[in-house]
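Sequential numbering of the sequence shown, starting at 8, is according to the working numbering. Glycine included, C-beta positions come from ideal geometry on N, C-alpha and C. Values in this document were obtained by computation on a predicted structure and should not be read as measured data. One structure is given below, encoded as structure tokens.
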Amino acid sequence: MTKDFEHLYQYITFGQQEFGKLYDYTNTDIPLPKMIKELLDCAELDPDGENILAVLNRLVGLREDSLVQALEANKKTPKEIAKIKHKMYESVKSIYLDRHLALLDYIDEHQLLTPFYRLLLRGVHEVGKALSEWQPKWSEHILEIINPSLEKKYKTTESIMKALREEKLLEYEASGEESDRSYSALVLKENGYKPLTYALVFPDEVDAVLSAFNQLICSLETLEDLKYNHKEQWLDYFRALKFAFSEKDPSKVMEKWRRVDAKWMKITTPLQVGHPLEYYEDHYRKAVALEWDVRLNNPKANDENSIKESIKSMFTLVYKELELENNSMQSAVMTNLSKAQLYIGRPMLFYAAEFNGLFSAQVVPNDEIVSASDGKKIFAFADNVLDSIRAKPFLKIHTKVFGFDFMEKERELIFKKPELWHQVYAITTIGHEFGHILWMDKTSESRMNISGMFKNIEEFKATLGGLVAFFEQDEKKELAIYVLTDTIKRAVGLISWMKTGEVEAYYCEGLMHLHGLFESEVLVFEKDSLSINLKQYENAKKWYKKIYTELALHYAKTKDAKEFLGRFVSKEEDGFFLPKDEKVRKFVNYYWELYQKMGRSVEDVDVKAKWLEN
């Protein structure tokens, strides 16, 4: 079946690359295809280059921020924007469900994979359709009704968290201990809020999901997994999911989902299914998103376990330097690292919450009790990310902010040095995912999230884990500079997410990076011009190592995340974070204003054309 996986991986790769060519319509006089015209009509936008880019970022890039920016520029009200976002979700969902069905038909026609796995994919698709129908109702209830009502009543994140804690409205273990995430939702009753499981809040939607699971389980019971001998593992996993979704007792729901994660960790095939694993948009009760997908491992992927070993070595070094005696945390970290399974591949099928955004990498499950015995899975989608970067048009804002020479160097890496690009990705992205594992045990997140700010330092901690592990090696100069330029470009780019709530944690991460890059004088901003001095690499390296050591100690002592975050940023009256350092704040405000004006302005087509030549 290895050849089947190679065939399938190549076919999916070709499909994504062809789909990415839709971006070519952002800067051309060629008549628009019907699909793009319909998306523009759905968004109520005129067919100019910036608006075409906005709807394509929503469709191909699966991001809403460019769309929202375009709608705001067209004077749409918040209510109108919310309505259009829902309409666009339905359009995007329809397009991808058709694409997924076509892929499944292709697999059947060419008799790829075994009958067991062909049936499994069909069943997963049916579950995905049901979850995709549920997704907008989940978003509307939690993100558009309940959370705004909490914000109106309690004003600040800290006040909301305090009230939820005092009124016992969070998710709890059977023991009564507070959980770090939830698989339930609040409903507003006459006497106040009440937490109910999904089966009670969304009964019709959950019934549809359960029906799809029943069909999937019944169909798989009739066949054998002749290739990987994983039939029972798959059945145990899908049954556990069915029981978790159907649970009506709030005191039992966490244990049911923990069982899902444990069963999932037993599945080690090249084809992986992803279920609800992480929370994103819900900043208060941390409701886990309705994720559902199939991930395909690249049969020819390089072994990146050297990253794991460098992370282990760095963790041991810093732990000794801090003279810590937190044996439970150290044991949890080393167990998770040693048991971590690494999958490098592509998303194959995806549904529901993932129509609003795909991850570039992921480390899961977040349940540290499960991970203590079974470890974690790390997924990295390097090929997917590189194809996406190459497909997108060049933006004028990048040349204006970073300068022509800087961008030429970056484009050389992307288009002409793919092997080196993959090395940078391994350090900054796979390293980031391993970095999540460090300094954590089963109680860390709940103890550090008293003010609701844990996620806003956790992404920074994860990235620094990969960077500092790299710094502790004998870095190659060319690779080291590209790691630094990637960090600069990403930190600046994250400013564009200032007002995108579901990615607030990454925006805050970017602000903390910028603090260090300015303090180490890698970046200087004067007279509306950003200067980049890569010769200050060693200064940046020293700053990152110093800050990471301080952050590791903060985690080891399980202090409130707000204390560390507050060293770098402050939350303004409008509810958004800005840097405390005046130099950094000045640049962030400059970039944000510039992004509003030209964030979707595309370079002339010939600027990119030379990079597409062989």
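Candidates Gly508, His522, Val510 and Gln480: closest to Thr494 by CA position: Among Gly508, His522, Val510 and Gln480, the Cα nearest to that of Thr494 belongs to His522.
Sequence ranges, beta strand (DSSP E) only - wholly within the region 376-400, length at least 3: Runs of the beta strand (DSSP E) spanning 3 or more residues and lying entirely within the region 376-400 occur at 384-387, in chain order.
Beta-carbon contacts of His439 that lie in its chain and below 6 Å, excluding the five residues immediately before and after: Around His439: Ala469, Thr470 and Gly473.
CB-CB length for Lys383 against Asn343, believed under 8 Å: Between Lys383 and Asn343 the beta-carbon gap is near 6 Å, inside 8 Å, which marks them as a contact.
Minimum C-alpha distance to Val614 - residue among Gln118, Leu203, Ile457 and Met414: Of Gln118, Leu203, Ile457 and Met414, the residue nearest in Cα terms is Met414.
Best match in Ser101, Phe422, Glu426 and Ile437 for proximity to Ala368 [C-alpha to C-alpha]: Between Ala368 and the set Ser101, Phe422, Glu426 and Ile437, the nearest pair of CA atoms involves Ile437.
Cβ neighbour criterion (16 or more within 10 Å) applied to His117: Answer is exposed; the Cβ neighbour count stays below 16.
Outcome for Gln17 when other beta-carbon atoms lying within 10 angstroms are tallied against a minimum of 16: Exposed is the call here.
Residue of Glu140, Tyr514 and Gly199 minimising C-alpha distance to Lys578: Residue nearest to Lys578 within the set Glu140, Tyr514 and Gly199 is Tyr514 (criterion: CA-CA distance).
Backbone CA spacing between Lys604 and Glu79 [nearest angstrom]: Using only the alpha carbons, I get a separation of about 12 Å.
Helix, strand or coil at Ala192 according to DSSP, with G and I counted as helix: Ala192 sits in a strand when the DSSP states are folded into three classes.
contact_flag[the region 175-183, the region 95-112] where n(CB pairs < 8 Å) is 3 or more: Judged by Cβ distances under 8 Å, the region 175-183 makes no contact with the region 95-112, as fewer than three pairs qualify.
Distance between Asp256 and Gln142 (C-alpha atoms, nearest Å): If you draw a straight line from the Cα of Gln142 to the Cα of Asp256, it comes to about 22 Å.
Backbone CA spacing between Ala559 and Val475 [nearest angstrom]: Using only the alpha carbons, I get a separation of about 12 Å.
Simplified DSSP assignment, three categories, for Val529: Per DSSP, reduced to three states, the secondary structure at Val529 is coil, with no helix or strand assignment.
C-alpha gap between Asn58 and Gly606, whole angstroms: Each residue's Cα considered, the two are about 11 Å apart.
Integer-rounded CB distance, given that Glu298 should sit under 8 Å from Leu223: Leu223 to Glu298, Cβ: 17 Å. No contact.
Cβ neighbour criterion (16 or more within 10 Å) applied to Pro277: Counting other Cβ atoms within 10 Å of its Cβ, Pro277 reaches 16 or more and is therefore classed as buried.
Buried versus exposed, by CB contacts within 10 Å (16 or more), Arg172: Burial call: exposed.
Proximity of Tyr287 and Val576 at Cβ, strictly below 9 Å: Against a cut-off of 9 Å, the Cβ pair of Val576 and Tyr287 comes out as no contact.
Same chain only: Cβ atoms within 6 Å of Met272, ignoring 5 sequence neighbours per side: Closer than 6 Å at Cβ, skipping near neighbours: Asp381.
Start and end residues, beta strand (DSSP E) containing Glu357: Residue identity check: residue 357 is Phe in the sequence provided, not Glu. Residues Gln348 to Ala359.
Straight-line gap, Lys417 to Glu610 (C-alpha atoms, nearest Å): Looking at the sequence provided, one finds Glu at residue 417 rather than Lys. Each residue's Cα considered, the two are about 16 Å apart.
C-beta contact flag for Tyr358 and Val499 at 9 Å: Not a contact, by the Cβ cut-off of 9 Å.
Cα-Cα separation, Ala387 to Ile318: Taking the straight line joining both Cα atoms gives about 16 Å.
DSSP three-state assignment for Trp299, whether helix, strand or coil: It is a strand residue.
Contact test: Ser98 Cβ vs the ligand ADP heavy atom, cutoff 8 Å: Ligands in the displayed structure: none, and consequently the ligand ADP is not present.
According to DSSP, residues forming a beta bridge with Tyr200: The partner list for Tyr200 (beta bridge, DSSP) reads Leu195.
Environment of Glu254 [buried if 16+ CB atoms lie within 10 Å]: Under this definition Glu254 is a buried residue.
Cβ shell of Asp115 (< 7 Å), same chain only, five flanking positions each side left out: Answer for Asp115: Arg125, listed in chain order.
Candidates Glu466, Tyr205, Glu285 and Lys484, of which the one nearest Ala512 by Cα: Considering only Glu466, Tyr205, Glu285 and Lys484, the residue with the shortest C-alpha distance to Ala512 is Glu466.
Val612 burial status per 10 Å Cβ neighbour count (16 or more: buried): By the beta-carbon neighbour count (other beta carbons within 10 angstroms, threshold 16), Val612 is exposed.
Close beta carbons around Glu212, own chain, < 7 Å, minus the five adjacent residues each side: Apart from sequence neighbours up to five positions away, the residues of its chain that approach Glu212 with a beta-carbon distance below 7 Å are Glu140, Trp141 and Lys144, ordered along the chain.
Lys449 versus Ser313: straight-line alpha-carbon distance, rounded: Roughly 26 Å separates the two Cα atoms.
Whole-angstrom distance between Tyr30 and Ala616, CA atom to CA atom: Looking at the backbone, the Cα of Ala616 and that of Tyr30 are separated by about 13 Å.
Segment limits, alpha helix (DSSP H) that includes Ala368: Bounds of any alpha helix (DSSP H) do not take in Ala368; it lies within the beta strand (DSSP E) bounded by Ala368 to Val371.
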